[in-house]
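Please read the structure below before turning to the comments.
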Amino acid sequence: MQARLMPYLDSLNPAQREAVECLDGPVLMLAGAGTGKTKALTTRIVHLLNTGRARPNEILSVTFTNKAAREMKERVGAMLGQAVEGMPWLGTFHSICVKLLRRHAELAGLKSNFTILDTDDQIRLLKQLIQAAGIDDKRWPARMLAGIIDDWKNRALTPDRVPAADAGAYNNRGTEFYAQYQTRLRELNAVDFGDLLLHMVTIFQNHPDVLEQYQRWFRYIMVDEYQDTNVAQYLWLRLLAGKHKNVCCVGDDDQSIYGWRGAEVGNILRFEKDFPGAMVVRLEQNYRSTGHILAAAAGVIRGNQGRLGKELWTEAGDGEKVRLIGHWDGEEEARWIGEEIEAMQRGTRGQAPLGLDQMAILVRASHQMRAFEDRFLTIGLPYRVIGGPRFYERMEIRDAMAYFRVVVSPDDDLAFERIVNTPKRGLGDKAQQTIQGLARENGVSLVEGARLAVESGQIKGKGGGALRELVEGIARWGRMAGDPDLTHMELAEIILDESGYTAMWQNDKTPEAPGRLENLKELVKALESFENLQGFLEHVSLVMDNDKQDADEKVSIMTLHAAKGLEFPAVFLPGWEDGLFPSQRSMDESGLKGLEEERRLAYVGITRAEQICTISFAGNRRVFGQWQSQLPSRFIDELPEEHVEVLTPPGLYGGGYGAAAPGASMGAGQVRSTIEEKMAQADGYNSPGWKRMQARAGQRGLSQPKESKHQVIDLTATSSFTLGERVFHQKFGYGAITGIEGDKLEVDFEKAGTKKVVARFVSTPDD
Ligand code: ATP
Ligand code: MG
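Take a look at the structure:
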């Protein structure tokens, strides 16, 4: 072997190089974030190929996401200096197992064209079984059963192997339903996600000849993010590597963040037992982050017990301290981060200008994304959401906007097609063809075509009645849009209510439904900054359009879970508040398991940053439509003060953290206690303390709810209204409630007379 033919080895440190050059036998690389584990693994693939040890299709490499697999392939190609002809077995556990299972489907009682069910389908199927058995699925929800079954699958347990200790699951009938469910799946020629691995493990266990074939075929096996493998994945690997034992796993126990999905960090510890004589490589030099960032991350993770414990160092110098800032509310936080991103892009923060794709916002929960998306759309900042659709691309948002479009421009046929049978109105293909036919024959829009169909009675029955209602609704909403007495936010709510769209999601029992309703509320909120519906729709289409043109330079928004393995020069970590991060669930749990996993997630977040890491929190947040006072995260306490710079916020609680003067440094722990004190004075949104703070924020021109003079009554809290109560409406002024109907009120206004208004836009006078 000549070194000059292997230039890729030169960019490794000695420990990495050892792991790369040790091609035969088991290797475990156990090291902290940013120490070059993934780099070493990638280089190892290159080395295998370059030395002729294996052909591309003989290497099995498991990554955590498809994105990581793509990147790895590109890097291998770049290092080899030539495109790699197919690496069919480089992918996620699931993508690899789908391929294998299609080849051997018959051994699992399936046909090779089996379908893969998503969570919705899975729950629907379970529900059918439960209901057929006469079980009350309110008391024993299908989702609960789905969770139990997933857990068994993650542990590689087929129905006949569920241990006695689990016999009590799901009111003693878990195992029975699990068996039924598996039978049903086979009948449907379908699998769920967990089955992909479970079936393969079972096939390998029951058919030694098949296993042997792959043991020979996959001459080298490599696994990234090994700390997050579950038992089924682990067994699968152990079976495949059992003969030649050429297996190289890399991981970091401090970054194990999928315990909730059955990952077993213990797999790392078992490795040396299962593969005796394994070479264990430890890496300690971090090449990603500057000193303060590393030290801050180390400070947080130190709070966990039972770690293997690793110290990282860097040659990169101290760099900037981790920045910590508090905000008035979530919108203020989004506004500030938007400005910071633009400043960093221009390089006006005293640093070299950064491209948008060098910055990322990592959130704990995906509902946090909306505030950023709204803000970025407003200011025209290109962004991408990794691991999910962007806000305005979500199904419910597109549906709602299609309704708005039909109202604003009844010629919009595409929008009409989208909503004509959403929610279901009994208008199938045939009815829609009738409408289209009429529109074509008469040279009119689909809405007009629909009106003709109604008038001529060509669509009969339930569908006909529903279509009449829709057509009349569209005409009525169109007239309302011209009513100067009605805000466009109110109009939007009326459209979504009267069309039955909101009710559709309210009656939907899938796990996604509450989130979709939240998004719809968020959509109405987003309308506030526009003059009318049309202005809003134009804005969205312009921004979405612009967006397509400069496709590559975008800020990334993603969850912390999705950020694993990635790195960015600048990282924003918003929403560090107790109950959000750490999550409420982890705080409610007895024992430390959940909280420790959250802490590892914090560690993952901070260690994604190369140069600038900014942590933030908000004092108030709207959670499911309710304003809630928030406390800074307990993890903020754990940030070592000497590595943190507390930025003077634009005005939390009326400016600064009490004693901290602008620019002054204040310890992270101190920040929390100062804020807790302030919060104690102000319990909740309706307290006098809150109003005082609100008023002070108002003086400083901070963002705050529009109805600042008045106590805000939430949409969900209509029951708090009483007949005869005096209320205030922005357009109509003061009046008394004369009727209450769901979330709508009839109010006798002193000046404007009697009107129906949406409760959300009414407040009670604060006097
Ligand atoms: P994580 O635990 O977050 O997945 P990791 O250990 O996989 O981190 P990598 O992503 O492989 O770390 O590497 C982190 C960064 O350090 C990358 O930008 C990589 O190119 C760089 N790097 C790794 N090893 C070296 C090295 N020997 N010399 C210079 N840069 C390196
Ligand atoms: Mg990595």
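The sequence shown lines up with residues 20 to 786 when you count with full-length UniProt numbering.
Each residue gets a CB set at the ideal place from its N, CA and C atoms; glycine is no exception.
A quick note: this is a predicted structure, and the numbers were derived from the prediction, not measured.
With fewer than 16 other Cβ atoms inside 10 Å of its own Cβ, residue 158 counts as exposed. At least one heavy atom of ligand 1 is found less than 7 Å from the C-beta of residue 306. Counting only beta-carbon distances shorter than 7 Å to the non-hydrogen atoms of ligand 2, the qualifying residues in chain order are 56, 57, 243, 244, 584. For ligand 1, no non-hydrogen atom lies closer than 7 Å to the CB of residue 28. Going by beta carbons, residue 552 and residue 500 fall inside the 8 Å limit. Shortest gap from the CB of residue 626 to any heavy atom of ligand 1: under 7 Å. Taken in chain order, the complete alpha helix (DSSP H) segments of 4 residues or longer contained in the region 460–504 are 465–474, 480–500. Membership of residue 332 in any alpha helix (DSSP H) is not indicated, and neither H nor E is assigned to it by DSSP. Counting along the chain, residue 347 sits inside the beta strand (DSSP E) bounded by residues 341–348. CA-CA distance, residue 303 to residue 184, rounds to 42 Å.
When the five nearest sequence neighbours on each side are left out, the beta carbons in the same chain lying within less than 7 Å of the beta carbon of residue 507 are those of 546, 551, 552, in order along the chain. Under the three-state reduction of DSSP, residue 583 is assigned to coil, being neither helix nor strand. Between residue 581 and residue 406, the gap from beta carbon to beta carbon is short of 8 Å. When DSSP states are grouped into helix, strand and coil, residue 56 belongs to the helix group. The beta-bridge partner set that DSSP reports for residue 268 consists of 47, 242. In the three-state reduction of the DSSP assignment, residue 617 falls in the helix class, which pools H, G and I. If you look at residue 301, you'll find it in the beta strand (DSSP E) that goes 298–302. DSSP, read as helix, strand or coil, puts residue 630 in strand. Positions of the beta strand (DSSP E) runs, each at least 3 residues long and wholly inside the region 430–459, cannot be given because no such run exists. Rounded to the nearest angstrom, the Cβ distance from residue 266 to residue 294 is 7 Å, consistent with a contact under 8 Å. Of the heavy atoms belonging to ligand 1, none sits nearer than 7 Å to the Cβ of residue 620.
With a 10 Å radius around the Cβ and a threshold of 16 neighbouring Cβ atoms, residue 286 comes out buried. Closest by C-alpha distance to residue 250, out of 651, 264, 171, 191, is 171.
The beta carbon of residue 348 sits closer than 6 Å to the beta carbons of 637, 639 from its chain, once the five residues preceding and following it are set aside; these are given in chain order.
Rounded to whole angstroms, residue 518 and residue 166 show a C-alpha spacing of 35 Å.
In this structure, the C-beta of residue 190 stays at least 7 Å away from each heavy atom of ligand 1.
Per DSSP, residue 91 is not a residue of any beta strand (DSSP E); the alpha helix (DSSP H) it occupies stretches across 85–99. In chain order, 167 place their CB closer than 6 Å to the CB of residue 188, counting only its own chain and leaving out the 5 sequence neighbours on each side. Per DSSP, reduced to three states, the secondary structure at residue 741 is coil, with no helix or strand assignment. Inter-residue distance for residue 350 and residue 475 is about 51 Å (C-alpha atoms, whole angstroms).
A contact is defined here as three or more CB-CB pairs under 8 Å, and the region 38–48 fails this definition with respect to the region 202–222. Leaving aside the five residues that flank residue 394 on each side, the residues in its chain whose CB is nearer than 7 Å to its CB run, in chain order, 353, 354, 357.
Taking each of 316, 40, 422 in turn and checking the Cα distance to residue 510, the smallest one comes out for 422. Nearest C-alpha to residue 456 among 446, 471, 444, 443: 471. Residue pairing from DSSP places residue 577 in a beta bridge opposite 381.
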